[in-house]
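*Asks:* Next up is a structure, given as structure tokens.
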Ligand code: MLT
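Here you go:
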């Protein structure tokens with residue numbers, strides 16, 4: 001009876017707009033993915049779904065907002081590996097991972113790209129590698145704050161090159177991309193979601209992709225994978241997942257998971273994501289349990305990269 005009572009209490013959920021919090025600035029990959037998802041969720045939830053950016057501190061400010069939001073299904077988080085690695089980087093986090101979140105399902109996966117300002121005096125990865133070595137200690141690399149995907153990819157790049165670069169943090173990779181195109185910063189490790197349009201417009205230089213295999217997308221097919229370009233074993237796929245605060249009722253989580261599954265079948269959403277080199281998740285990681293297991297495996301990998309790099313935010 002308790003279950004049916006609680007079931008009944010949430011039978012008309014959602015009866016007001018659902019907010020997807022993006023913990024980075026508008027216009028970046030997380031924001032683009034969240035807006036695509038919001039559009040596709042409107043129908044299955046029969047409700048308005050809006051995106052709200054709460055940027056800063058590598059995504060931890062937006063994550064904290066959702067961790068302490070009312071567990072009623074009206075405030076959700078769209079995030080990536082940055083959420084799981086934050087505890088290894090920020091000693092004074094006001095939330096715990098994974099305890100303070102309910103994973104709903106994985107949304108998609110995107111390769112990252114190594115891109116540079118258009119005025120760089122090199123065009124291929126091999127030349128870039130020499131240029132970095134010749135300018136050791138003077139090369140700067142943009143990221144979206146400590147713990148962001150661009151930051152983590154940059155750590156992997158510096159470890160693979162045995163080179164230390166100067167980090168230039170932004171509130172998201174959208175503002176970072178503006179400075180990269182303007183030549184204010186040298187390099188960035190940016191998700192294909194945000195890099196592909198600028199590569200197609202020839203506003204930045206592409207040196208490599210971080211996927212295991214080269215990608216068929218014309219904008220990315222012209223570049224090698226960093227692994228085949230000489231950084232043996234270099235591989236990074238940025239995934240995004242959907243999260244609710246701990247304590248959200250099971251009936252609400254079930255409704256959200258069903259709505260997520262149907263949103264990810266939306267042909268419009270799939271077309272838009274694939275045009276950017278992004279793959280929508282269709283496998284078991286759409287299940288909350290499998291999603292949690294996947295994040296825990298990812299966390300093992302990235303915690304080692306962070307430890308080896310001796311990184312911390314505070
Ligand atoms: C963004 O949307 O700005 C990115 O996800 C930031 C990052 O994690 O690099």
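Residue numbers (my numbering): 1 to 314. Glycine included, each C-beta is placed from N, C-alpha and C at the ideal position.
(1) Could you tell me whether any non-hydrogen atom of the ligand MLT is closer than 7 Å to the CB of residue 143?
(2) I'd like the list of long-range same chain contacts for residue 153, defined as Cβ closer than 7 Å, with 5 residues on each side in sequence excluded.
(3) Less than 7 Å between the CB of residue 29 and some heavy atom of the ligand MLT, yes or no?
(4) Please name the residue, chosen from 137, 180, 160, that lies closest to residue 308 on a Cα-to-Cα basis.
(5) Verify the contact flag: residue 192, CB atom, against every heavy atom of the ligand MLT, threshold strictly below 7 Å.
(6) Identify every run of the alpha helix (DSSP H) within the stretch 225 to 264, keeping only runs that are complete inside it and at least 4 residues long; order them along the chain.
(7) To which residues of the same chain is residue 38 closer than 7 Å at the C-beta, ignoring the five residues directly before and after it?
(8) Does DSSP classify residue 315 as helix, strand or coil?
(9) Tell me, which residues are paired with residue 141 by DSSP?
(10) Quick check: does the Cβ of residue 303 come within less than 7 Å of any heavy atom belonging to the ligand MLT?
(11) Does the distance from the C-beta atom of residue 245 to that of residue 75 stay below 8 Å?
(12) Are there any heavy atoms of the ligand MLT lying less than 7 Å away from the beta-carbon of residue 24, as far as the coordinates show?
(13) I'd like the span of the alpha helix (DSSP H) that includes residue 134, first residue to last.
(14) In angstroms with no decimal places, state the Cα-to-Cα distance between residue 90 and residue 158.
(15) Exposed or buried, residue 193, counting other C-beta atoms within 10 Å across all chains shown (16 or more means buried)?
(16) Let me check you understand the geometry: is the CB of residue 174 closer than 7 Å to at least one non-hydrogen atom of the ligand MLT?
(17) Taking only heavy atoms of the ligand MLT into account, decide whether any of them is closer than 7 Å to the Cβ of residue 211.
(18) Only counting the same chain, and skipping five residues up and downstream in sequence, which positions put a Cβ closer than 6 Å to that of residue 264?
(19) Give the straight-line distance between the Cα atoms of residue 268 and residue 240, rounded to the nearest whole angstrom.
(20) In chain order, what residues of the same chain have a beta carbon less than 8 Å from the beta carbon of residue 36, not counting five sequence neighbours either side?
*Replies:* Taking the geometry as given:
(1) Yes, since a heavy atom of the ligand MLT falls inside the 7 Å radius drawn around the Cβ of residue 143.
(2) Cβ neighbours of residue 153 beyond the five flanking positions: 112, 189, 210, 236.
(3) With a threshold of 7 Å, the Cβ atom of residue 29 counts as near the ligand MLT, since some heavy atom of the ligand is closer than that.
(4) Nearest of 137, 180, 160 to residue 308, Cα basis: 160.
(5) Outside the cutoff, so no.
(6) List check, alpha helix (DSSP H) in window: 250 to 263.
(7) Taken in chain order, the residues that qualify are 20, 49, 50, 51.
(8) Past the edges of the chain, shown from 1 to 314, lies residue 315, and the structure says nothing about it.
(9) For residue 141, the beta-bridge partners assigned by DSSP are 167, 187.
(10) Incorrect: residue 303 has no Cβ contact closer than 7 Å to the ligand MLT.
(11) One thing to note: residue 245 has its Cβ within 8 Å of the Cβ of residue 75.
(12) Yes, the beta carbon of residue 24 sits closer than 7 Å to at least one heavy atom of the ligand MLT.
(13) Counting along the chain, the alpha helix (DSSP H) containing residue 134 begins and ends at 125 to 134.
(14) Counting only the Cα atoms, residue 158 lies some 21 Å from residue 90.
(15) It counts as buried.
(16) Yes, since a heavy atom of the ligand MLT falls inside the 7 Å radius drawn around the Cβ of residue 174.
(17) With a cutoff of 7 Å, residue 211 does not count as near the ligand MLT, since its C-beta is closer than that to no heavy atom of the ligand.
(18) These residues qualify, in order along the chain: 280.
(19) Between residue 268 and residue 240, the alpha-carbon positions lie close to 18 Å from each other.
(20) Excluding residues within five positions, the ones whose Cβ falls inside 8 Å are 269, 272, 273.
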